[in-house]
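Visitor: Going by the UniProt record's numbering, the letters in the sequence shown line up with residues 1 to 235, in that order. Each residue gets a CB set at the ideal place from its N, CA and C atoms; glycine is no exception.
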Amino acid sequence: MRLAFVPPGGAAHTPAARGWLRLVRGGFRLARWSRAAPPVTPESPPHGPPAGRDHTQPRLRMLRGPDEADGEPPPSLDDLYRARRLDMVRMAVFLVDDRHTAEDVVQDAFAAVFRRYGTALDDLHDAAAYLRTAVVNAARSVLRRRRTSRTYTPPHEADQAPVDEAVLLAEEHREVLAALGRLTSRQREVLVLRYWSELSEAEIADTLGLSRGTVKSTASRALDALEKVLEEEGR
């Protein structure tokens, strides 16, 4: 279900939406806004870390990237899970509009990492980047299936977010999420990766398989489209 939330009087009449009309042009990042919502506690991985192993360095490796982690031991799949799962779920929510689906998307992405590399990840150059690409690809698959399966929605199905989703995304976040849902898939992906995940143009290009020029022009058009959607919803 799509998390469309427009309060009485229109989205542009709320402080959050008015703020967006001012801030998207200033490079405002979704990450700094959406992370103010109460986090969803991730379930623990099936197995804890091996006794006696220092997991601080692998976590830093995944947070900083491979170029800044020379000499550090490669991360394990458990390290990757602990360091990145919640961020990936939040990113996936902005891509697929539903927390439960987002969790499935991230689970599928971790399963893809395991099938290809196992649990050690010794041969994986940049575990975080690989996982991020896997999440985006899994989200694309969900959206393709959704376009086919949701051509008809029975009248009795209410378009309302469950309580858990309301915890993950505050009302003002859902307003922006609804607006993002009216953009093209590519525009939405670029905005989420750029202004929520705070990736560089080069990182987005690698994740989506695009040129840096395409990323830059798509981001510009997407901001125009997002601003237009928010203005239209406020009329």
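Check whether the segment 111-122 touches the segment 88-100, taking contact to mean three or more Cβ pairs, one atom from each stretch, closer than 8 Å.
Guide: Touching, no.
Visitor: Hey, could you find the ends of the alpha helix (DSSP H) THR184 is sitting in?
Guide: Premise fails: THR184 is in no alpha helix (DSSP H) and is neither H nor E.
Visitor: Would you mind stating whether LEU183 and ALA225 have Cβ atoms separated by less than 8 Å?
Guide: It is a contact, given that the beta carbons lie within the stated cut-off.
Visitor: Using the rule of at least 16 other Cβ atoms within 10 Å of the residue's Cβ for burial, across every protein chain shown, is GLU103 buried or exposed?
Guide: That one is buried.
Visitor: Classify GLY209 as helix, strand or coil using the three-state DSSP reduction.
Guide: In this structure, GLY209 counts as coil in the three-state DSSP scheme.
Visitor: By Cβ distance, which residues of its chain are closer than 7 Å to ALA92, with the 5 residues on each side in sequence left out?
Guide: The answer, listed in chain order, is ALA102, VAL105, VAL106, VAL135, ALA139.
Visitor: Drop a sphere of 10 angstroms on the beta-carbon of PHE114, count the other beta-carbons inside from all chains shown, and report buried for 16 or more, exposed for fewer.
Guide: Exposed, since its Cβ has fewer than 16 Cβ neighbours within 10 Å.
Visitor: Using only CA atoms, which one of VAL142, ARG145, ALA111, SER141 lies nearest to TYR130?
Guide: For the residues VAL142, ARG145, ALA111, SER141, the minimum Cα distance to TYR130 belongs to ALA111.
Visitor: Nearest to ARG194 by alpha carbon, out of LEU210, VAL215, GLY181?
Guide: Taking only the C-alpha atoms, the option nearest ARG194 is VAL215.
Visitor: Out of curiosity, what's the CA-to-CA distance linking ALA128 and TYR117?
Guide: Each residue's alpha carbon lies about 13 Å from the other.
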